[in-house]
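These notes are about the structure you will find just below.
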Amino acid sequence: MRVWLYSFALFLYRQLVRLVSYVKPKAQLWNAGQSDVWEGLEKALRDNTKPVAWFHTASLGEFEQGKPVMEAYRSQFPTHFILLTFFSPSGYEVRKNTTGVDYVSYLPLDGARSSERFLNLVKPSVAIFVKYEFWYFYLQGLRQRAIPTILISAIFRSNQVFFAWYGGFFRSLLQCFTQIFVQDDHSKALLDSIDLTQVQVGGDTRFDRVVQHLRQPKPWPILDQFINNQAFMVLGSVWRADMDVLIPLINSNKFPFKWVIVPHEIHLDELKKWEEAIQLPTQFSTESPRSDAQVLIVNEVGYLSQIYRGASFAYIGGAFGAGLHNTLEASVYGPTVFFGNKNYTKFKEARDLVEFGLAFPIADVTSLASKMREIYDAEDVFVNKQVQARTFVSLQAGATQKIMNYLIEQSHGIK
329 MRVWLYSFAL
339 FLYRQLVRLV
349 SYVKPKAQLW
359 NAGQSDVWEG
369 LEKALRDNTK
379 PVAWFHTASL
389 GEFEQGKPVM
399 EAYRSQFPTH
409 FILLTFFSPS
419 GYEVRKNTTG
429 VDYVSYLPLD
439 GARSSERFLN
449 LVKPSVAIFV
459 KYEFWYFYLQ
469 GLRQRAIPTI
479 LISAIFRSNQ
489 VFFAWYGGFF
499 RSLLQCFTQI
509 FVQDDHSKAL
519 LDSIDLTQVQ
529 VGGDTRFDRV
539 VQHLRQPKPW
549 PILDQFINNQ
559 AFMVLGSVWR
569 ADMDVLIPLI
579 NSNKFPFKWV
589 IVPHEIHLDE
599 LKKWEEAIQL
609 PTQFSTESPR
619 SDAQVLIVNE
629 VGYLSQIYRG
639 ASFAYIGGAF
649 GAGLHNTLEA
659 SVYGPTVFFG
669 NKNYTKFKEA
679 RDLVEFGLAF
689 PIADVTSLAS
699 KMREIYDAED
709 VFVNKQVQAR
719 TFVSLQAGAT
729 QKIMNYLIEQ
739 SHGIK
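This note's numbering puts the first residue of the sequence shown at 329, with every later residue one more than the last.
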């Protein structure tokens, strides 16, 4: 792809977002954020004299991957200014008030002028991108300024454009990184095949993040009151396609526990439809508690990673649609995990959980209910799987320290 074509694609993207912002709330938020971004950045950085560490994450999931490194960086370099940018409203709107960083902003849309303005204003001493987001002008600008640029928790697949015969433009983006930390050996081998040498296997920082959640419990009184020491199953990050399978399971009333439903996106009209379809007493988390409630629909954000604690089973949404959501948030607490059998294979941790018998892809409500009953009735198997799941996650932690060791050793003038 030539640079002019890339620039034209960005122009079209901006115009499209403006058009759909009249009917799409996310587009409206992104458009508003882009309009205000420069004023906020200039105010935050106007009088700054500290070295700036710029962390960029696409959305909420990438933020969770980057958070352990941000915290470790803050601990190692307490006098530095940490700037966190998001591309997506899904990340920015939820984490714009996050602690541990100095300023949170949308990333101005890539472009020759916008990237130059951003880099001249921010003057980053180091730039750390989480997993992906390969913006041509930003990466070229960082390279031209000789600013250390690190990609962490990256994972690659052979069918990606970087490895196609026509992928030269995209391969040039990877060459802008000073160091790339990949999640697994397969990703490193792929990068080796295109002659990228600044690569090492670092692991997935999400393991560090969920282990933090395990060690730092944050009780949620609403959940505790609803559960009341009973067994429960969490349906996390679910969409309509997931609920088409799960609502019949709930209504079958075959299992003696409560249900906690956490939608991936909160659309009250959709949640009301779920409530109407569920035949058991149901309440929303923002409502006054009902003593007879058997189903809790969480219509608030920011609690999912803690809700899995203590669950007997967990269903993770997304695999019947665009792609499976985070399975590690659940697995660290030990519940047996289920998800749809469609779009999950591109996620290494999901494949590993399935291989070790700690997660099960299901096709429909019948296969889900059957596997749940099989595990639930075999108490020794049930308990053993909980221990195995916790061990699986804990043993793979440590990526954050590898990344920090590199940053500390290299320094590159960021101390």
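C-beta atoms are modelled at their ideal positions from N, C-alpha and C, and glycine is treated no differently.
Asked, Found
"Mapping the DSSP letters down to three states, classify Lys516 as helix, strand or coil.", "helix"
"Which residues mark the beginning and the end of the alpha helix (DSSP H) in which Gly530 is found?", "No alpha helix (DSSP H) holds Gly530; DSSP gives it neither H nor E."
"Take Pro353 as the anchor and find which of Gln738, Ile594, Pro576 and Leu681 has the nearest alpha-carbon.", "Ile594"
"Are at least three pairs of beta-carbons, each pair with one atom in the stretch 654–664 and one in the stretch 635–644, less than 8 Å apart?", "yes"
"Cβ atoms of Val626 and Trp587: under 8 Å apart, would you say?", "no"
"Would you kindly report the start and end of the unbroken alpha helix (DSSP H) that includes Ser633?", "Leu632 to Ile635"
"Given a cut-off of 8 Å on the beta-carbon distance, is the pair Ile635 and Leu551 in contact?", "yes"
"Given a threshold of 16 other Cβ atoms within 10 Å of its Cβ, counted over all protein chains shown, does Tyr643 qualify as buried or as exposed?", "buried"
"Check Ser335 in the structure and name its three-state DSSP category.", "helix"
"Along the alpha helix (DSSP H) that carries Lys378, what are the first and last residues, could you check?", "No alpha helix (DSSP H) holds Lys378; DSSP gives it neither H nor E."
"In the DSSP assignment, find the unbroken alpha helix (DSSP H) run with Ile594 in it and report its ends.", "Taken as a continuous stretch (DSSP letters only), Ile594 belongs to no alpha helix (DSSP H), as it is neither H nor E."
"Between the Cα of Asp572 and those of Gly649, Glu461 and Tyr464, spot the shortest distance and give me the residue it belongs to.", "Gly649"
"Where does Trp358 sit, in a helix, a strand or coil, going by DSSP?", "helix"
"Find out if the Cβ-Cβ distance for the pair Leu479, Phe497 is shorter than 8 Å.", "no"
"Quick check on the DSSP output: what are the complete alpha helix (DSSP H) runs of length 4 or more inside the stretch 432–476, in order along the chain?", "440–450 and 464–472"
"May I ask which residues mark the beginning and end of the alpha helix (DSSP H) holding Gln747?", "Since the first and last residues shown for the chain are 329 and 743, residue 747 lies out of range."
"Need the endpoints of the alpha helix (DSSP H) that Gln312 sits in, please.", "Given that the chain is displayed from residue 329 to residue 743, the structure contains no residue 312 and the question cannot be resolved."
"Note the first and the last residue of the continuous alpha helix (DSSP H) segment covering Gly496.", "Gly496 to Leu502"
"So, with DSSP's three-state summary, where would you put Gln507?", "strand"
"Could you tell me the distance, in whole angstroms, from the CA atom of Ser500 to the CA atom of Gln468?", "9 Å"
"Does DSSP classify Phe667 as helix, strand or coil?", "strand"
"Rounded to whole angstroms, how far is the Cβ of Ser453 from the Cβ of Ala381, which I believe are closer than 8 Å?", "7 Å"
"What does the Cβ neighbour count give for Arg441, buried or exposed, with the cut at 16 atoms within 10 Å?", "exposed"
"Counting only the same chain and skipping the five closest in sequence on each side, list residues whose C-beta sits under 7 Å from that of Phe710.", "Ile703 and Tyr704"
"Can you tell me where the alpha helix (DSSP H) with Ile736 in it begins and where it stops?", "Ala727 to Gln738"
"When DSSP labels each residue in this structure, what does Trp587 get in the three-state scheme?", "strand"
"So Ser418 packs on His541, CB below 8 Å; how close in whole Å?", "Ser418 to His541, Cβ: 19 Å. No contact."
"Using the three-state DSSP reduction, which class does Pro545 fall into: helix, strand or coil?", "coil"
"State the Cα-Cα distance for the pair Ile589 and Val566, rounded to the nearest angstrom.", "8 Å"
"In this structure, what does DSSP give as the bridge partners for Tyr643?", "Leu563 and Phe666"
"For Ser489, count neighbouring Cβ atoms within 10 angstroms of its own Cβ and tell me buried if that reaches 16, exposed if not.", "Reading off the sequence shown, one finds Val at residue 489, where the question assumed Ser. So Val489 counts as exposed."
"In terms of residue numbering, what span does the beta strand (DSSP E) encompassing Ala687 cover?", "Ala687 to Ile690"
"Per DSSP, Val489 is paired with what?", "Val489 pairs with nothing; no bridge assigned."
"According to DSSP, simplified to helix, strand and coil, what is Lys743?", "Note on Lys743: pLDDT 47, under 50, position unreliable in the model; the coordinate value appears next. In this structure, Lys743 counts as coil in the three-state DSSP scheme."
"Let's see if you can read the secondary structure: which residues bound the alpha helix (DSSP H) around Ile606?", "Counting along the chain, Ile606 falls outside any alpha helix (DSSP H), and DSSP gives it neither H nor E."
"Could you tell me whether the stretch 366–385 touches the stretch 340–348, using the rule of 3 or more Cβ pairs below 8 Å?", "no"
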